[in-house]
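Okay, structure first, notes after.
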Amino acid sequence: MVGGVAKRDLHNVLFPKQRKILTHFGEDLLLAMKRRGFTKKLLCERTGFDHKTVNKVFAGDPGVAIGTYLKVMAVLGMESNFAEMAAHDEVGIKLQNIKLLEGSR
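For the sequence shown, the positions run 0 to 104 when numbering that gives the first Met the number 0 is used.
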């Protein structure tokens, strides 16, 4: 069990749109690896992860720890992308702007 959810059920925890996003994320990491001329073997060596784990990352497996994704991104020179993911909070900014505008009336 992982956080009260059986491993086999992790895929079902996400909504279809979220699963699709995670799948695309894994594919984007695979493309980034290939663009750099890296092999999966080299990525395994540099991350310290086994081949099975790296394949799960590229599949966008929801059971992979977020730290594992971050380590792969770091090896690919993309850790700053990870840091920026939550920084651009468009919904939060819009909500804040609405409150600010309501307060000025």
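Idealized CB from N, CA, C, for every residue including glycine.
Sequence-distant residues of the same chain with beta carbon closer than 7 Å to residue i, five excluded per side
i     : result
His50 : Lys39 and Cys43
Met32 : Leu42 and Leu75
Exposure of residue i, with buried meaning 16 or more beta-carbon neighbours within 10 Å
i     : result
Lys70 : buried
Pro61 : buried
Phe14 : exposed
Residue i vs residue j beta-carbon contact at 8 Å
i     : j     : result
Val63 : Thr46 : no
Gly25 : Gly59 : yes
Same chain, Cβ closer than 6 Å to residue i, neighbours up to 5 away in sequence not counted
i     : result
Phe81 : Leu69 and Met72
Candidates the options, of which the one nearest residue i by Cα
i     : options                : result
Gly78 : Leu28, Gln95 and Val12 : What sits at residue 78 in the sequence shown is Glu, not Gly. Of the candidates Leu28, Gln95 and Val12, the one whose C-alpha sits nearest the C-alpha of Glu78 is Leu28.
Is there contact between the stretch 83-92 and the stretch 53-67, where contact requires at least three CB pairs shorter than 8 Å?
Counting Cβ pairs under 8 Å, fewer than three are found: no touch.
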